[in-house]
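Going by our numbering, the sequence shown opens with residue 92, and the numbers climb by one from there. Ideal placement from N, C-alpha and C gives every residue a C-beta, glycine not left out.
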Amino acid sequence: DFECTCNSDPNLKAVDGPATCDKDECKSNPCGMGQTCNDPVKSLGSIGDFTCTCGNGVEVTGAAAVCENDECAVTPSPCGVDQACNDPNKASNSLHDFVCTCNSDSSLKATDGPATCDKDECASSPCGMGQTCNDP
92 DFECTCNSDP NLKAVDGPAT CDKDECKSNP CGMGQTCNDP VKSLGSIGDF
142 TCTCGNGVEV TGAAAVCEND ECAVTPSPCG VDQACNDPNK ASNSLHDFVC
192 TCNSDSSLKA TDGPATCDKD ECASSPCGMG QTCNDP
């Protein structure tokens with residue numbers, strides 16, 4: 092008599108023949124952040140059959156899925172009124188990188204939140220020496 096023991100789990104054994112060794116590929120967390128992993132057949136003979144599924148339904152077999160997460164595609168906009176929102180990297184692991192740009196002045200921007208669109212006209216000291224600038 093001989094005994095075969097699985098390297099992946101020493102409790103899985105068989106006498107006089109090969110053991111049925113299971114390997115749950117999802118245990119190593121192969122999917123990206125915010126994804127669900129499913130390994131339908133957990134035998135060593137079915138390596139690469141796991142699926143990664145995004146919250147929006149995108150599913151990939153055998154690798155992490157590329158899930159798009161456009162942070163600007165929500166209502167209300169995270170930028171506020173009279174601002175344009177742009178999410179340059181929509182990958183699921185890239186959060187808080189959206190840019191808010193003021194419609195009145197495209198040089199006024201902010202990342203991960205509304206921009207301050209009220210430009211201080213006095214910031215450049217336009218009045219000259221001995222004068223006080225007031226921007227009501």
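Anyone know if the C-beta pair for residue i and residue j falls short of 9 Å?
i: C170; j: G204; result: yes
i: C163; j: F189; result: yes
i: N102; j: C117; result: no
i: H187; j: T166; result: no
i: A154; j: P121; result: yes
i: C208; j: L199; result: yes
With DSSP as the reference, identify every bridge partner of residue i, one or two as the case may be.
i: N177; result: V190
i: T144; result: T127 and E150
i: V106; result: E94
i: K210; result: Paired residue(s): none; K210 is not in a bridge.
i: A201; result: C191
i: E116; result: In the DSSP output, where bridge partners are listed per residue, E116 has none listed.
i: E162; result: Note: E162 sits in no beta bridge, so no partner.
Taking buried to mean at least 16 other C-beta atoms within 10 Å of its own C-beta, is residue i buried or exposed?
i: K114; result: buried
Among the options, which one has its Cα closest to the Cα of residue i?
i: T127; options: E150, S198 and T207; result: E150
i: S92; options: D100, D107 and C224; result: It should be noted that the sequence gives Asp, not Ser, for residue 92. Selected option, being the one with the closest Cα: D107.
i: P227; options: M220, S216, G221 and D211; result: D211
i: P131; options: C97, T152, C218 and P217; result: T152
i: S168; options: A110, A206 and S197; result: A206
i: G123; options: T111, P217, S185 and C218; result: S185
i: S119; options: C97, C95 and I138; result: I138
Would you be able to state if there are at least three C-beta pairs under 8 Å between the region 158-176 and the region 137-149? yes
So does the region 163-178 actually touch the region 187-194, counting three or more Cβ pairs closer than 8 Å? yes
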